[in-house]
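First residue of the sequence shown: 36, per the working numbering; consecutive thereafter.
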Amino acid sequence: MTCDVLMTIAIENSKNDIDVEDVKARVNDNGRIVIPAEIRQRMGIKPGDTLFLTLEGDVLKVEPYLARIRRIQESMRRLISPVRLLSDELIADRREEARREMEESLG
Numbered sequence: 036m037t038c039d040v041l042m043t044i045a046i047e048n049s050k051n052d053i054d055v056e057d058v059k060a061r062v063n064d065n066g067r068i069v070i071p072a073e074i075r076q077r078m079g080i081k082p083g084d085t086l087f088l089t090l091e092g093d094v095l096k097v098e099p100y101l102a103r104i105r106r107i108q109e110s111m112r113r114l115i116s117p118v119r120l121l122s123d124e125l126i127a128d129r130r131e132e133a134r135r136e137m138e139e140s141l142g
């Protein structure tokens, strides 16, 4: 048994505007939905790519793995000063932790 679904595709373009379009697709007996070629191209989805599926109420969001990573990295950039190196902070924390453990073990 197959059923029709309506996909609303929202894609951020190079001007950071959101292009929205509706596409009708069919769910097959195995629960598969074919993403039209034009949309796959616009979203940069290639065969074998990993996608994140997020259910928000009755809305299923599809996001390419690399796009999600880029989005998270961008949101982190806004929170952290560009002159701050988190790797240096992590190394300093680990060295301090190792020093404390050494002191505790030596009593």
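Every residue, glycine too, gets a C-beta built ideally from N, C-alpha and C.
Exercise for review: Tell me whether Arg67 sits in a helix, a strand or coil according to DSSP, three-state version.
Suggested key: Assignment of Arg67 by DSSP, reduced to helix, strand and coil, places it in the coil class.
Check your understanding: What's the C-alpha gap between Glu91 and Val97?
Key -> In a straight line, the C-alpha of Glu91 is about 11 Å away from that of Val97.
Check your understanding: Who pairs with Lys96 in a beta bridge, going by DSSP?
Key -> Paired residues: Thr89.
Check your understanding: Roughly how many angstroms separate the alpha carbons of Ser116 and Lys59, rounded to a whole number?
Key -> Whole-angstrom Cα-Cα distance: 44 Å.
Practice item. Determine, using beta carbons only, whether Tyr100 and Leu114 come nearer to each other than 8 Å. Key: No; because the gap between Cβ atoms is not below 8 Å, this pair is not in contact.
Review point. For Arg75, does the three-state DSSP call read helix, strand or coil?
Key: The three-state secondary structure of Arg75, taken from DSSP, is helix.
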